[in-house]
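*Asks:* I have a structure here, written as structure tokens, and I will follow up with some questions on it.
Number of protein chains: 2
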Amino acid sequence: MARTRMVVVGGNAAGMSAASQARRRRGPHDLEITAFERGAHTSYSACGLPYLAAGLVRRWQDLVVRTPEQFAERDVRVHVRTEVEGVDLDARRVHVRDLETGRTRSEAWDELVLATGAEPLRPAIPGIGLPGVHGLSTLDDGIRFAAAIDAGPRAAVVVGGGYIGLEAAEALVHRGVPTTVVERAPQVMGRIDPDMGALVGDAVRALGVDLHLGEQVEAIEADGSGRVAAVRTAARTLPAGLVVLGLGTRPRAGLAAEAGIPIGETGAVVVDERTRTPLAGVWAAGDCAQARHVLTGRPVNYHLGTIANKQGRTCGVNLGGGDATFPGVLGTAATKVCRVEVARTGLGEAELAALGVEHRAAVIESTTRAGYYPGAARLRIKLLAERRSGRLLGAQIVGEEHAAKRIDVLATALWNGMSVHELVDVDLSYAPPFATVWDPVLVAARKLAEQVGRGPTGGSGG
Amino acid sequence: MARTRMVVVGGNAAGMSAASQARRRRGPHDLEITAFERGAHTSYSACGLPYLAAGLVRRWQDLVVRTPEQFAERDVRVHVRTEVEGVDLDARRVHVRDLETGRTRSEAWDELVLATGAEPLRPAIPGIGLPGVHGLSTLDDGIRFAAAIDAGPRAAVVVGGGYIGLEAAEALVHRGVPTTVVERAPQVMGRIDPDMGALVGDAVRALGVDLHLGEQVEAIEADGSGRVAAVRTAARTLPAGLVVLGLGTRPRAGLAAEAGIPIGETGAVVVDERTRTPLAGVWAAGDCAQARHVLTGRPVNYHLGTIANKQGRTCGVNLGGGDATFPGVLGTAATKVCRVEVARTGLGEAELAALGVEHRAAVIESTTRAGYYPGAARLRIKLLAERRSGRLLGAQIVGEEHAAKRIDVLATALWNGMSVHELVDVDLSYAPPFATVWDPVLVAARKLAEQVGRGPTGGSGG
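This is the structure in structure tokens:
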């Protein structure tokens with residue numbers, strides 16, 4: 036029997052997880068694996084880029100999990116700086132361009148894995164293409180950004196107050212660069228509720244960042260030499276030798292769309308729980324693919340390394356001859372802005388309102404350790420539950436050291452469809468260096484349990 | 036209608052939680068609450084005692100959550116230094132002795148709550164009653180122990196390598212006292228498996244503690260003045276100006292047994308999920324009471340503040356006219372020995388063997404943060420699952436900073452009866468300062484999932 040030819044488009048988390056899992060299960064005599072990557076690097080931690088910029092990670096090489104050479108040793112051929120420009124579904128070939136030489140060629144596949152990732156939003160702001168305006172999406176971006184900080188800019192402006200923008204701002208402040216963050220929305224961290232976002236805004240300001248909320252960037256201005264010099268909003272002009280864009284990302288699904296591979300309502304590629312697209316032999320995983328929200332059952336498209344790795348692994352197990360399913364996501368995410376940790380899982384107030392779910396919220400303040408134990412830090416937990424049933428629907432945490440990882444308990448509770456009444460009883464650990472005797476998670480559940488019923492769940496559950 | 040008279044025996048976690056919850060729901064016109072406490076203090080953190088001894092907590096008052104005077108303000112009368120010597124079930128009275136004056140009297144009750152706690156094991160070792168031999172069970176013990184360290188002993192011996200013994204040893208080392216731990220068993224921390232206990236033993240030695248395993252204390256010897264001077268085992272004589280006993284605890288159920296209140300197979304008082312004993316109007320909660328193990332359905336008796344608080348609250352809600360149940364426990368516990376954190380939940384290998392459950396184990400090594408992120412520390416996770424079904428049965432963690440609290444995710448998974456196959460998929464959080472992209476919990480689940488089936492669970496499940 037002829038070898039199966041697996042072609043992977045995209046050499047990072049999802050694509051290379053798929054390649055590795057498939058190779059683990061099927062040897063090179065049986066399965067040929069070829070991956071194409073536009074950038075110069077494979078399998079790196081994009082989440083680590085702000086720490087490279089901050090100087091907390093000293094060598095960019097430390098962010099690389101596995102190089103093309105290391106993949107080659109495992110019989111996975113990776114072509115970097117090579118872009119897939121077209122997918123021919125009838126001929127079952129991809130058309131690729133070597134970005135160094137400009138040469139094009141085509142490659143045949145029996146199984147195609149789309150793992151093209153996400154691309155940063157770049158709205159049509161005048162000057163957005165100027166030298167000195169940085170994205171922070173790829174390792175190449177991160178290396179350039181770190182070098183730009185090394186050059187010692189007098190001031191920096193970060194456009195966008197999501198987690199990438201805030202992590203970039205922290206890196207700049209850490210390196211001694213006076214930094215301003217401009218965010219169009221009235222709060223930072225749009226994926227958490229405004230009351231919790233306000234705490235993060237306070238933390239960002241406490242870091243020394245000049246934070247302007249509810250302000251839209253109108254233009255990025257150049258100096259006489261054509262380099263970035265300032266960022267202009269309706270309210271002010273902010274001098275800047277360095278600009279970072281953190282305006283969010285969208286799925287990089289153009290290649291799929293052009294080939295006629297179905298795109299879902301989120302703008303990402305439609306896949307089932309085995310990561311198959313509706314077209315035989317075509318798979319998708321990671322930021323470019325949809326996933327199912329465990330609570331709503333609806334398709335979502337979050338750009339998180341956790342999901343990319345899990346979908347990639349699912350894809351690779353299936354291509355390797357196994358049978359894996361990926362049941363879905365809760366949108367669990369965490370980040371750290373200086374001392375302040377932020378985490379969320381499930382649905383927020385705006386999402387619940389949009390879904391028409393009648394809910395209640397409780398917010399509690401507690402400490403990360405016993406109050407008398409040295410280093411006890413404050414944390415705030417917000418829980419959301421369905422009003423009638425008490426079913427847990429979402430959770431958010433803002434606090435200091437040791438706060439964020441508590442979100443995982445709440446994610447596990449959500450995953451299992453627990454009500455806050457049930458959550459109150461769970462046997463969580465206690466010791467003075469780690470928690471109060473009633474862990475803050477349980478205190479929050481107790482408070483919310485008093486405000487909600489014990490009836491059957493509503494119709495929105497998955 | 037006459038007021039209901041509620042009498043509580045024991046003024047700490049379980050008893051005073053019951054009193055507080057009952058008072059919250061029923062005013063003093065309706066419910067009279069009287070508590071009796073042998074010691075001088077109420078509602079303190081017994082788990083904080085080692086940190087008082089270490090000097091990390093500076094004033095013993097910081098460990099007290101609520102004083103008798105504060106209870107009195109809420110119409111809860113507490114008599115400290117007052118021992119309940121007998122319960123008359125027919126007359127529905129308790130006989131009490133004022134330990135200061137020696138006077139006895141009796142008090143009537145309509146509802147009786149037994150919250151007598153646990154007592155340290157004191158085997159019949161010659162010299163165990165000598166001056167200079169300390170327990171570490173009550174706040175009074177802790178105050179005396181701290182004072183004894185202040186006196187500057189030249190050397191200390193801790194008898195018993197459970198968590199209290201190790202925490203005491205750490206406190207002594209922290210205060211500059213050369214310390215030896217003698218443990219009869221071949222490992223420290225008997226409630227975790229030997230392979231994980233060995234890591235803790237290494238950490239204890241790294242702290243500078245002289246650790247002797249598999250050695251039983253034969254006698255505690257006095258100097259000429261009748262004070263403790265040495266601890267003798269079969270192998271050696273260890274000079275000691277201070278001895279700490281950490282030999283474990285047993286339920287303090289003598290009062291209940293003498294009164295004819297049913298005692299279970301664990302030696303603790305039999306209660307149902309509402310914390311009622313089989314005798315009308317008699318309740319029990321905390322260390323002196325049994326609880327149901329969520330996995331086995333069998334009665335257990337763990338001495339943990341978390342359980343005491345939850346059972347006490349359940350009791351108080353019910354006595355306050357509400358309807359609360361306490362579904363049971365997993366034995367989730369955590370502690371910290373210097374930099375090393377230890378946590379466990381569910382069943383260990385020996386327990387599974389005793390229950391005849393065919394199981395598999397997986398152990399993984401990972402890091403608490405992304406490997407490249409500063410401060411990433413090692414942790415080891417051990418998971419146990421039923422061989423046939425893959426149902427998670429137990430988990431243990433040993434690691435450095437930020438390791439222990441991950442046990443709560445595993446406790447929540449156990450609580451929901453998850454299999455390791457299901458656990459692999461749960462959407463846990465990731466950011467480089469908090470985790471690897473596959474959280475170590477998921478890595479462990481993946482490893483174990485490869486070794487177990489997906490069949491129906493066996494007969495041992497609760």
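If you're matching them up, the sequences are chains A and B in order.
Residues 36 to 497 in this note's numbering are what the first sequence spells out, letter by letter.
Residues 36 to 497 in this note's numbering are what the second sequence spells out, letter by letter.
Beta carbons: idealized from backbone N, C-alpha and C, even for Gly.
1. What separation, rounded to the nearest whole angstrom, lies between the Cα atoms of Val375/B and Gly74/A?
2. Out of Gly321/B, Glu146/B and Glu205/B, state which residue places its alpha-carbon closest to the alpha-carbon of Arg348/B.
3. Which residue from Leu156/A, Val99/A and Cys323/A puts its Cα closest to that of Gly170/A?
4. Tell me, please, whether the CB atom of Pro334/B is closer than 8 Å to any CB atom in chain A?
5. Between the region 195 to 211 of chain B and the region 353 to 367 of chain B, do at least 3 Cβ pairs fall closer than 8 Å?
6. So for Asp307/A, helix, strand or coil by DSSP?
7. List, in chain order, every chain B residue whose beta-carbon is nearer than 7 Å to that of Pro475/A.
8. Taking Cβ positions, are Leu248/A and Pro221/A nearer each other than 8 Å?
9. Going along the chain, which residues of its own chain have a beta-carbon closer than 8 Å to the beta-carbon of Ser424/A, five neighbours each way excluded?
10. Buried or exposed: Arg61/A, going by 16 or more other Cβ atoms within 10 Å of its Cβ?
11. So what does DSSP say about Thr1/B, is it helix, strand or coil?
12. Which runs of the alpha helix (DSSP H) fall wholly inside the region 305 to 372 of chain A and span at least 4 residues, in chain order?
13. Are there three or more Cβ pairs, one per stretch, closer than 8 Å when the region 466 to 478 of chain A is compared with the region 282 to 295 of chain B?
14. In chain order, what residues of the same chain lie with their CB nearer than 6 Å to the CB of Glu120/A, ignoring the 5 residues before and after it?
15. State yes or no: is the beta carbon of Cys350/B nearer than 8 Å to at least one beta carbon in chain A?
16. Using a Cβ cut-off of 8 Å (strictly closer), state whether His338/B contacts chain A.
17. So which residues of chain B does Ser80/A contact, with C-beta pairs closer than 8 Å?
18. Using a cut-off of 7 Å between C-beta atoms, extract the partners of Thr367/B located in chain A.
19. Alpha carbon to alpha carbon, what distance is there between Val217/A and Thr272/A?
20. How far does the alpha helix (DSSP H) with Phe180/B in it extend, from its first residue to its last?
21. Tell me which residues share the same chain as Ala411/B and place their Cβ nearer than 8 Å to its Cβ, disregarding the 5 neighbours each side in the sequence.
22. For Gly50/A, count neighbouring Cβ atoms within 10 angstroms of its own Cβ and tell me buried if that reaches 16, exposed if not.
23. Please go through the same chain and pick out, in chain order, the residues whose beta-carbon is closer than 7 Å to the beta-carbon of Ala254/B, but skip the five residues on each side of it.
24. When DSSP labels each residue in this structure, what does His209/A get in the three-state scheme?
25. So, under 8 Å CB-CB, Glu21/A and Trp318/A are touching, yes? Tell me the CB distance rounded to an integer number of Å.
26. Among Leu419/A, Gly295/A, Ala438/A and Glu436/A, whose alpha-carbon lies nearest the alpha-carbon of Leu458/A?
27. Could you say if the region 100 to 119 of chain B and the region 224 to 234 of chain B meet the contact criterion of at least three C-beta pairs nearer than 8 Å?
28. Check Phe71/A in the structure and name its three-state DSSP category.
29. Less than 8 Å separating the beta-carbons of Ala264/A and Ala270/A?
30. Tell me which residues share the same chain as Pro334/B and place their Cβ nearer than 6 Å to its Cβ, disregarding the 5 neighbours each side in the sequence.
31. Using three-state DSSP, classify Ala143/A as helix, strand or coil.
32. I need the DSSP call for Ser260/B, collapsed to helix, strand or coil.
33. Could you run through the region 71 to 103 of chain B and flag, in chain order, every residue whose CB is less than 8 Å away from some CB of chain A?
34. State the start and end residues of the unbroken beta strand (DSSP E) segment that holds Asp245/A.
35. What separation, rounded to the nearest whole angstrom, lies between the Cα atoms of Asp65/B and Arg38/B?
36. So Gly204/B and Val168/B are supposed to be a Cβ contact under 8 Å. How far apart are they, rounded?
*Replies:* According to the data block:
1. 41 Å
2. Gly321/B
3. Leu156/A
4. no
5. no
6. coil
7. What Pro475/A touches in chain B: nothing, since even the nearest Cβ is about 11 Å away.
8. yes
9. Ser454, Val487, Gly488, Arg489, Gly490, Pro491, Thr492 and Gly493
10. buried
11. Chain B is shown from 36 up to 497; residue 1/B falls before or after that span and cannot be answered.
12. 340 to 354
13. no
14. His130 and Arg132
15. no
16. no
17. Ala405, Tyr407, Pro467 and Val472
18. Asp462, Leu463 and Ser464
19. 11 Å
20. Leu174 to Asp185
21. Thr402, Thr403, Arg404 and Ala405
22. buried
23. Ile160, Pro161, Gly162 and Arg267
24. helix
25. Shown here, chain A extends from 36 to 497; a query on residue 21/A therefore has no answer.
26. Leu419/A
27. no
28. strand
29. no
30. Gly299, Thr301 and Gln325
31. strand
32. coil
33. Ser80, Cys82, Gly83, Tyr86, Leu91, Val92, Asp97 and Leu98
34. Asp245 to Leu248
35. 5 Å
36. Residue identity check: residue 204/B is Ala in the sequence provided, not Gly. Contact flag wrong, Cβ pair sits at about 15 Å.
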